[in-house]
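Here is the structure we will look at, set down as C-alpha cells.
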Amino acid sequence: MEKRLDEANNMLDLMVSKGCNPDCVTYNTIINGYCKAKRVEDGLKLFRKMSIREVVTYNTLVQGFSQAGKVEVAQETFEEMVSQGVHPDNVTYNILVDGLCENGKLDKAIQIFEDLQMSKMELDIVIYNIIIHGMCNGSKVDDAWNLFSSLPHKGVKADVKTYTIMIGGLCKKGSLSEADMLFKKMGEDGIAPNECTYNTIIRAHLGEEMKRCGFSADASTMKMVIDMLSNGRLDKSFLSMLS
C-alpha cells in the first residue's frame with residue numbers, strides 16, 4: 001500500500017514535469033491515501049504543492065491529523081483554511097469537533113459547537129451525536145441529557161445513533177432505570193433499536209446482575225453474550241429477564 005502511494009506521488013510529479021497538471025480529485029485521492037496510511041505529514045507535503053485547495057482536501061487533512069492524535073495541527077489546518085477564504089462546511093465542523101472530543105478537548109469542542117448554534121449554519125443530527133457522545137464520555141451525562149432533550153425544540157430529529165449514545169451514557173452513569181425508559185421511548189417514537197442499542201443495554205444489565213450476584217462481569221463474558229445475541233443464539237427476551 002505504502003509503496004503504491006509513493007509510486008502514485010512520483011507519477012504526479014512526472015505529470016507536472018510534462019506540463020500536465022493533475023486536478024484536485026487526483027491530489028485528494030493520494031492525500032487521503034497518505035492519511036489512511038497514517039502518513040499525514042506526507043499528505044501535507046503533497047497538499048503544499050497544490051495551486052488550488054478545496055474544502056474536501058482540507059477536510060481530509062483535518063481528519064488525518066485528528067486521527068493521528070495531532071489535534072493542535074488539525075486546528076491549525078482548519079484556521080489556515082478559513083484564512084485562505086475556503087469556507088468550512090458541515091463535514092468540516094463534524095470532523096473538527098469529533099477530533100477534539102476524541103483527543104480529550106471536550107471544552108473546546110463544546111465552545112465551537114455553541115458558536116455554530118449561534119451562527120446561520122443549519123446543523124444536522126451528526127454534530128449533535130458527536131457532542132452528546134463526547135459529553136457522555138467526558139462524564140457530562142447530565143449535560144448530554146439536556147442537549148438530547150432539547151432536540152425537538154431545535155427542530156432536529158434524533159436517530160438510532162442518538163438514542164443509542166444517550167442510552168449508553170445513562171448506563172455508564174449507572175442510571176439503568178432511565179436507560180430502560182429511554183429504550184422504551186425510542187420504540188414509541190418510531191425508532192427501531194439496532195444491534196448496537198441492544199448490545200449497550202444488555203451489557204449494562206448483565207454487568208449489574210452479575211455484580212448483584214457477587215460475580216465480576218469481565219470482557220470475555222460480555223463478548224460471549226453479545227456474540228450469542230448477534231448470531232441469533234440468544235433471544236432478545238433475555239433483556240426482559242434481566243430487567
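If you count by the UniProt record's numbering, then the sequence shown holds residues 1 to 243, one letter each, in order.
By construction, the Cβ of each residue, glycine as well, lies at the ideal position given by its N, Cα and C atoms.
Just so we're clear, the structure is a prediction, and the values are computed from it rather than from any experiment.
Problem - Beta-carbon gap between Ile125 and Val156 smaller than 7 Å - result: Against the sequence shown, residue 125 aligns to sequence position 125. Against the sequence shown, residue 156 aligns to sequence position 156. It is a contact, given that the beta carbons lie within the stated cut-off.
Problem - Pro193 to Ile202 span [Cα, whole Å] - result: The sequence position of residue 193 within the sequence shown is 193, counting from 1. The sequence position of residue 202 within the sequence shown is 202, counting from 1. Straight-line measurement puts the Cα of Ile202 at about 12 Å from the Cα of Pro193.
Practice task
Starting from Asn103, follow the alpha helix (DSSP H) in both directions and report where the run begins and ends.
Solution key: Along the sequence shown, read from residue 1 onward, the residue named residue 103 stands at position 103. Segment: none, Asn103 is in no alpha helix (DSSP H) and carries neither H nor E.
Problem - Run of the alpha helix (DSSP H) containing Gln63, from where it starts to where it stops - result: Within the sequence shown, the letter at position 63 stands for residue 63. 55 to 67 is the span of the alpha helix (DSSP H), which, as asked, contains Gln63.
Exercise for the section: For Gln67, count neighbouring Cβ atoms within 10 angstroms of its own Cβ and tell me buried if that reaches 16, exposed if not. Expected result: Translated into positions along the sequence shown, residue 67 becomes position 67. So Gln67 ends up on the buried side.
Practice task
Can you grab the Cα-Cα spacing for the pair Leu12 / Leu46, in whole Å?
Solution key: Sequence index remark: in the sequence shown, residue 12 carries index 12 (1-based). Sequence index remark: in the sequence shown, residue 46 carries index 46 (1-based). Answer to the nearest angstrom: the Cα atoms are 10 Å apart.
Handout entry: Distance, Ile52 Cα to Ser243 Cα
Key = Stepping through the sequence shown from its first residue, residue 243 is reached at position 243. Stepping through the sequence shown from its first residue, residue 52 is reached at position 52. At Ser243, the pLDDT of 49 sits below 50, so the modelled position is not reliable; the number obtained from the coordinates is stated separately. Cα to Cα, Ser243 sits roughly 58 Å from Ile52.
Practice task
Check whether the Cβ atoms of Ile95 and Val62 lie closer than 7 Å to each other.
Solution key: Position 95 of the sequence shown, counted from the first residue, corresponds to residue 95. Position 62 of the sequence shown, counted from the first residue, corresponds to residue 62. Yes. Within cutoff.
Handout entry: Beta-carbon contacts of Leu170 that lie in its chain and below 7 Å, excluding the five residues immediately before and after
Key = Translated into the one-based positions of the sequence shown, residue 170 becomes position 170. Only Val141, Glu178, Ala179, Leu182 meet the Cβ criterion.
Problem - Classification of Asn28 by the beta-carbon crowding that lies within 10 angstroms, buried from 16 upward - result: Numbered from 1 along the sequence shown, position 28 holds the residue referred to as residue 28. The residue in question, Asn28, is buried, as its Cβ has 16 or more Cβ neighbours within 10 Å.
Practice task
Would you kindly report the start and end of the unbroken alpha helix (DSSP H) that includes Lys211?
Solution key: Stepping through the sequence shown from its first residue, residue 211 is reached at position 211. Per DSSP, Lys211 belongs to the alpha helix (DSSP H) from 195 to 212.
Exercise for the section: Inspect the beta-carbon positions of Phe148 and Met135 and report whether they are closer than 7 Å. Expected result: Here residue 148 refers to the residue found at position 148 of the sequence shown. Here residue 135 refers to the residue found at position 135 of the sequence shown. It is not a contact, given that the beta carbons lie outside the stated cut-off.
Exercise for the section: Would you decide whether Gln84 is buried or exposed? Buried here means 16 or more other CB atoms lie within 10 Å of its CB. Expected result: For the purposes of this step, residue 84 is taken as the residue at position 84 of the sequence shown. Its Cβ having fewer than 16 others within 10 Å, Gln84 is exposed.
Handout entry: Chain-order list of residues whose beta-carbon lies under 7 Å from that of Leu44 (same chain, five-residue window excluded)
Key = For the purposes of this step, residue 44 is taken as residue 44 along the sequence shown, with counting starting at 1. Cβ within range, chain order: Leu61.
Problem - Residues of its chain near Val82, where Cβ-Cβ distance is below 6 Å and the 5 sequence neighbours each way are ignored - result: The residue given as residue 82 occupies position 82 in the sequence shown. So no residue of the chain qualifies.
Practice task
Could you tell me the boundaries of the alpha helix (DSSP H) in which Met166 lies?
Solution key: As a working note, residue 166 is residue 166 in the sequence shown. Its alpha helix (DSSP H) spans residues 160 to 173.
Practice task
On a CA-only basis, which of Asp6, Gly190, Gln75, Cys196 is nearest Ala37? Give me that one, please.
Solution key: Within the sequence shown, numbered from 1, the residue matching residue 37 stands at position 37. Checking every option, the nearest Cα to that of Ala37 belongs to Asp6.
Handout entry: Cα-Cα separation between Val55 and Lys211, rounded to whole angstroms
Key = In the sequence shown, the residue the question calls residue 55 occupies position 55. In the sequence shown, the residue the question calls residue 211 occupies position 211. Their backbone Cα atoms lie some 50 Å apart in a straight line.
Exercise for the section: Please state if the CB of Ala109 and the CB of Leu116 are separated by a distance shorter than 7 Å. Expected result: Within the sequence shown, numbered from 1, the residue matching residue 116 stands at position 116. Within the sequence shown, numbered from 1, the residue matching residue 109 stands at position 109. Contact: no.
Practice task
Identify, in the order they occur along the chain, each residue of the same chain with its Cβ nearer than 7 Å to the Cβ of Met186, setting aside the five sequence neighbours on each side.
Solution key: As a working mapping, residue 186 is identified with position 186 in the sequence shown. Cβ neighbours of Met186 beyond the five flanking positions: Tyr163, Pro193.
Handout entry: Reference Lys49, options Gln111, Asp98, Asn9, closest by Cα
Key = Within the sequence shown, numbered from 1, the residue matching residue 49 stands at position 49. When only C-alpha atoms are compared, the closest one is Asn9.
Practice task
Report yes if the CB atom of Val160 is closer than 7 Å to the CB atom of Lys105, and no otherwise.
Solution key: Within the sequence shown, residue 160 is the residue found at index 160, counting from 1. Within the sequence shown, residue 105 is the residue found at index 105, counting from 1. It is not a contact, given that the beta carbons lie outside the stated cut-off.
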